[in-house]
Amino acid sequence: MSWGTELWDQFDNLEKHTQWGIDILEKYIKFVKERTEIELNYAKQLRNLSKKYQPKKNSKEEEEYKYTACKAFLSTLNEMNDYAGQHEVISENMTSQITVDLMRYVQELKQERKSNFHDGRKAQQHIETCWKQLESSKRRFERDCKEADRAQQYFEKMDADINVTKADVEKARQQAQIRHQMAEDSKADYSSTLQRFNQEQWEYYHTHIPNIFQKIQEMEERRIVRIGESMKTYAEVDRQVIPIIGKCLDGIVKAAESINQKNDSQLVVEAYKSGFEPPGDIEFEDYTQPMKRTVSDNSLSSAKEGKPELKFGGKSRGKLWPFIKKNKLMSLLTSPHQPPPPPPASASPSAVPNGPQSPKQQKEPLSHRFNEFMTSKPKIHCFRSLKRGGATPEDFSNLPPEQRRKKLQQKVDDLNKEIQKETDQRDAITKMKDVYLKNPQMGDPASLDHKLTEVTQNIEKLRLETQKFEAWLAEVEGRLPARSEQARRQSGMYDGQTHQAVTNCAQDRESSPDGSYTEEQSQERELKVLATDFDDEFDDEEPLPAIGTCKALYTFEGQNEGTISVIEGEMLSVIEEDKGDGWTRIRRSEDEEGYVPTSYVEVYLDKNAKGAKTYI
Numbered sequence: 000m001s002w003g004t005e006l007w008d009q010f011d012n013l014e015k016h017t018q019w020g021i022d023i024l025e026k027y028i029k030f031v032k033e034r035t036e037i038e039l040n041y042a043k044q045l046r047n048l049s050k051k052y053q054p055k056k057n058s059k060e061e062e063e064y065k066y067t068a069c070k071a072f073l074s075t076l077n078e079m080n081d082y083a084g085q086h087e088v089i090s091e092n093m094t095s096q097i098t099v100d101l102m103r104y105v106q107e108l109k110q111e112r113k114s115n116f117h118d119g120r121k122a123q124q125h126i127e128t129c130w131k132q133l134e135s136s137k138r139r140f141e142r143d144c145k146e147a148d149r150a151q152q153y154f155e156k157m158d159a160d161i162n163v164t165k166a167d168v169e170k171a172r173q174q175a176q177i178r179h180q181m182a183e184d185s186k187a188d189y190s191s192t193l194q195r196f197n198q199e200q201w202e203y204y205h206t207h208i209p210n211i212f213q214k215i216q217e218m219e220e221r222r223i224v225r226i227g228e229s230m231k232t233y234a235e236v237d238r239q240v241i242p243i244i245g246k247c248l249d250g251i252v253k254a255a256e257s258i259n260q261k262n263d264s265q266l267v268v269e270a271y272k273s274g275f276e277p278p279g280d281i282e283f284e285d286y287t288q289p290m291k292r293t294v295s296d297n298s299l300s301s302a303k304e305g306k307p308e309l310k311f312g313g314k315s316r317g318k319l320w321p322f323i324k325k326n327k328l329m330s331l332l333t334s335p336h337q338p339p340p341p342p343p344a345s346a347s348p349s350a351v352p353n354g355p356q357s358p359k360q361q362k363e364p365l366s367h368r369f370n371e372f373m374t375s376k377p378k379i380h381c382f383r384s385l386k387r388g389g390a391t392p393e394d395f396s397n398l399p400p401e402q403r404r405k406k407l408q409q410k411v412d413d414l415n416k417e418i419q420k421e422t423d424q425r426d427a428i429t430k431m432k433d434v435y436l437k438n439p440q441m442g443d444p445a446s447l448d449h450k451l452t453e454v455t456q457n458i459e460k461l462r463l464e465t466q467k468f469e470a471w472l473a474e475v476e477g478r479l480p481a482r483s484e485q486a487r488r489q490s491g492m493y494d495g496q497t498h499q500a501v502t503n504c505a506q507d508r509e510s511s512p513d514g515s516y517t518e519e520q521s522q523e524r525e526l527k528v529l530a531t532d533f534d535d536e537f538d539d540e541e542p543l544p545a546i547g548t549c550k551a552l553y554t555f556e557g558q559n560e561g562t563i564s565v566i567e568g569e570m571l572s573v574i575e576e577d578k579g580d581g582w583t584r585i586r587r588s589e590d591e592e593g594y595v596p597t598s599y600v601e602v603y604l605d606k607n608a609k610g611a612k613t614y615i
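0 is the number of the first residue of the sequence shown in numbering that gives the first Met the number 0; add one for each residue after it.
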């Protein structure tokens, strides 16, 4: 099968077909280019996604990644980063192995096609020129034959006419002979031209055109083979990265299998354990006596260890604060600090009773415990600062004992590392100074004195700082019992704090100018002020205003703390936008609100609402 013999008369169609083949090749090149752009954009988006969820340095979020589940998530982010790199490899290989080669080949193909069809057109022009010469020779031969025939007829007419002179007849005869000779010459020229044309035509259709069309056919077949090879390369580029992508996915699976729920539970205990003992039972207080209630054996009203009962007045009457308070306070003090809904900050140790009652001691009334709480810990004047967080004391005294011990230990370890670093630097400077002393040409030893003095002063400052924190740590460790003896030591600590409370009360009594000061009046006044501040901070707090509405796109079962269940198609109020964590805070009624995934609802924000963003 050859185009030269089968398609000898389809020059124009072959020209169109080969141009279509080049267009197909260019279309495939464009397809591969767009695929590489998609791979690059996909890799970029994956990297941005991985970077977005990476923990921020020196932030609380970074501390959360000590849990195995968070470590597995971090490993997943790293594996996704490597996964994105494989898509970049796909893009690079497709560009270098397919796009660049095919673009170069297309240019060569166009040049070869242009050369072949130029030769074909040249052969066509040559055969057309021969055909024109044949037609011209044929018309001249025809014209000469007609003129020779007319001259012969004219001669015969003149010869038959008796009135014509002999000279005229001779002239007519000579003219007829000339025309006849011209016809013979035209005939010979036409005959030779015809033979030459037939020879050229045979060579055109049997030699030139088949050779040219054969080259075009080979060119077209090479194009088809090349595009097939490019498609194979296209698949191979993808196949080459499959093992590495598989390793990335295996790494994600391995990270998921490394999650240890027991270990995470233990870390939660270590992170939030306060070191306090649970409070004991509350003593029954008998108010049936008309004038004066019977003093219990362990009351502080006695000279040794008695203590009068604390009377509640005003808003604080009937409330067992801080043991029993409204739901808002309890949720503030007990809610875990974990997503999805950002909870309030953890309660400070001042918000819970310090020095729980030892099980070996007799139970004491609430007034006794509350007075101990007021005297053993600094008074909190504004509980809004407790919820929102404030300045952290240098000795971490705002933390529970166990958490304070960990913070102080961490600070001591950091200071020791700094001291070691400065010590190494001092040793290095000392060695350099010794080298300068032995080899003065290398440098001036005196130039290092200032730096050596500065480093020594830094070491001394760090050591003083370490001693300060070690003293605080020793104090905490002296108060905080070991895990094996915690119950016994906790009881002893409580006794010491109770004695301190009695001492403080005695000092206050002695400092009264008129001698009318009593522990009961002092406790009642402090409780009133504290309870009033506490109620004012929480009772007067208004609910968040709605900044828009939303429609539930899907049904969501809010099983975790802080979430709320919604039904598909339900309309609710939006009170807090998505802060970037994927959750939106909504409200169904005045008392029912919570968080739902942002992707589960369609939000319609009110542009005039306070806190609402304007979307263009």
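All C-beta atoms, glycine included, are put in the ideal place defined by N, C-alpha and C. Please read these numbers as outputs of a predicted model, since none were measured by experiment.
For this session: Indicate whether residue 595 and residue 565 have their beta-carbon atoms separated by less than 8 Å.
Result: yes
For this session: Using beta-carbon positions only, say whether residue 85 and residue 244 come within less than 8 Å of one another.
Result: yes
For this session: To the nearest angstrom, report how far apart residue 41 and residue 83 are at their CA atoms.
Result: 7 Å
Exercise. Between the stretch 123–136 and the stretch 189–204, are three or more C-beta pairs nearer than 8 Å?
Worked result: yes
For this session: Alpha carbon to alpha carbon, how far is residue 464 from residue 619? Give it in angstroms, no decimals.
Result: For residue 619 there is no data in the structure shown, the boundaries of the chain being 0 and 615.
For this session: Would you mind reading off the limits of the beta strand (DSSP E) that contains residue 39?
Result: Taken as a continuous stretch (DSSP letters only), residue 39 belongs to no beta strand (DSSP E), being part of the alpha helix (DSSP H) at 10–51.
Problem set entry | Same chain, Cβ closer than 8 Å to residue 631, neighbours up to 5 away in sequence not counted | Because the chain spans 0 through 615 in this model, residue 631 falls outside it and cannot be assessed.
For this session: Tell me, please, which residues DSSP counts as bridged to residue 226.
Result: None; residue 226 has no bridge partner.
Exercise. Nearest-angstrom Cα distance between residue 92 and residue 229?
Worked result: 12 Å
For this session: Write down every uninterrupted run of the alpha helix (DSSP H) in the stretch 153–206 whose length is 4 residues or greater and which is fully enclosed by it, in chain order.
Result: 165–202
For this session: Using 10 angstroms around the beta-carbon of residue 561, count the other beta-carbons present and answer buried if the total reaches 16, otherwise exposed.
Result: buried
Exercise. Of the residues 162, 11, 146, 552, which one's Cα is nearest the Cα of residue 120?
Worked result: 11
For this session: Mind checking which residues open and close the alpha helix (DSSP H) that includes residue 2?
Result: 2–5
Problem set entry | Helix, strand or coil at residue 56 [DSSP, three-state] | coil
Problem set entry | Closest by C-alpha distance to residue 221, when choosing among 241, 107, 179 | 107
Problem set entry | Chain-order list of residues whose beta-carbon lies under 6 Å from that of residue 150 (same chain, five-residue window excluded) | 174, 175, 178
Exercise. In whole angstroms, what is the alpha-carbon distance linking residue 109 and residue 21?
Worked result: 8 Å
Exercise. Is the stretch 30–47 close to the stretch 55–75, with three or more CB pairs under 8 Å?
Worked result: no
Problem set entry | Cβ-based burial, residue 169 [other Cβ within 10 Å; buried from 16] | exposed
Exercise. What number of angstroms, rounded off, separates the C-alpha of residue 160 from the C-alpha of residue 193?
Worked result: 42 Å
Exercise. Tell me the DSSP bridge mates of residue 551?
Worked result: 600
For this session: Please classify residue 268: is it buried, with 16 or more other beta-carbons within 10 angstroms of its beta-carbon, or exposed?
Result: exposed
Problem set entry | Endpoints, the alpha helix (DSSP H) within which residue 573 is located | That residue, residue 573, is in no alpha helix (DSSP H); its beta strand (DSSP E) goes 570–575.
Exercise. DSSP state of residue 258, grouped into three classes?
Worked result: coil
For this session: Report the three-state DSSP secondary structure of residue 591 (helix, strand or coil).
Result: strand
Exercise. So, using beta-carbon positions, are residue 409 and residue 472 closer together than 8 Å?
Worked result: no
Problem set entry | residue 410, enclosing alpha helix (DSSP H) - first and last residue | 400–437
Exercise. Which value, in whole angstroms, describes the spacing of the CA atoms of residue 418 and residue 395?
Worked result: 22 Å
Problem set entry | Cβ shell of residue 39 (< 6 Å), same chain only, five flanking positions each side left out | 90
Problem set entry | Spatial neighbours of residue 55 in its chain, beta-carbon cut-off 7 Å, leaving aside the 5 residues before and after | 61
Problem set entry | DSSP state of residue 391 mapped onto helix, strand, coil | coil
For this session: Keeping to the same chain, check which residues put their C-beta closer than 6 Å to that of residue 94; ignore five residues upstream and five downstream.
Result: 35
For this session: Please name the residue in 559, 585, 569 whose C-alpha comes closest to that of residue 546.
Result: 585
Problem set entry | Paired residues, beta bridge with residue 546 - DSSP | Paired residues: none, contrary to the question.
Exercise. Beta-carbon separation of residue 6 and residue 212 under 8 Å?
Worked result: yes
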